[in-house]
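Data block below; observations after.
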Amino acid sequence: MSIQDCQQVIVTVEGKGDSKQHAFASALGNIQKKMMQESEVILRIEPVEVEVIKATEKTYKERFLFFFFPRKRTSYHVELEVTVNVTTLQVNDVAFTQEVTDDPDGIQIPVISKKI
């Protein structure tokens, strides 16, 4: 009996950063966070296909004290649709055995043979 389940899921994630690489890395790093919200115990998340929905580059001029040292600043924002293979464990299918034990954190008093 296998308790593993493999399925293909499409996830939409966003990311932003100071460079193109940072924006894509941020978006791909958000896949795990999004998958953890939706499912049970995840063994493996494997991206199969990445499709760019929207890629935005914002450029603006920044100045120190409104006049001095002008410089160009650029930020990137990407929205991706990622198809992933997700392997999960079906915890509900596992049969657990029940054991009843005494309190392991209790204090054993030698005179009285009861635990507090």
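Residue numbering for the sequence shown follows the numbering used here, beginning at 54 and increasing consecutively.
Don't be surprised by glycine CBs; every beta carbon is placed ideally from N, CA and C.
As the structure is a prediction and not an experimental result, all values here were calculated from the model.
- The Cβ-Cβ distance between Ile63 and Glu132 does not fall below 8 Å.
- With 16 or more other Cβ atoms from the protein chains shown falling within 10 Å of its own Cβ, Val66 counts as buried.
- The beta carbons of Gln61 and Thr136 sit closer together than 8 Å.
- If only uninterrupted beta strand (DSSP E) runs of at least 3 residues are considered, those enclosed by the stretch 87-121 are 94-117.
- In the DSSP assignment, Asn138 is bridged to Gln61, Glu99.
- Beta-bridge annotation (DSSP): Thr127 is paired with Thr112.
- Contact between the stretch 112-121 and the stretch 146-166 is absent, with fewer than three C-beta pairs closer than 8 Å.
- About 20 Å separates the beta carbons of Glu102 and Thr141, which is beyond the 8 Å limit, so they are not a contact pair.
- In the structure shown, Gln151 falls within a coil segment according to DSSP collapsed to helix, strand and coil.
- Per DSSP, reduced to three states, the secondary structure at Gly82 is helical.
- Residues Val62, Val64, Ile95, Ile98, Val137, Val139 of the same chain have their beta carbon placed closer than 8 Å to that of Met88, with the five preceding and five following residues left out of the count.
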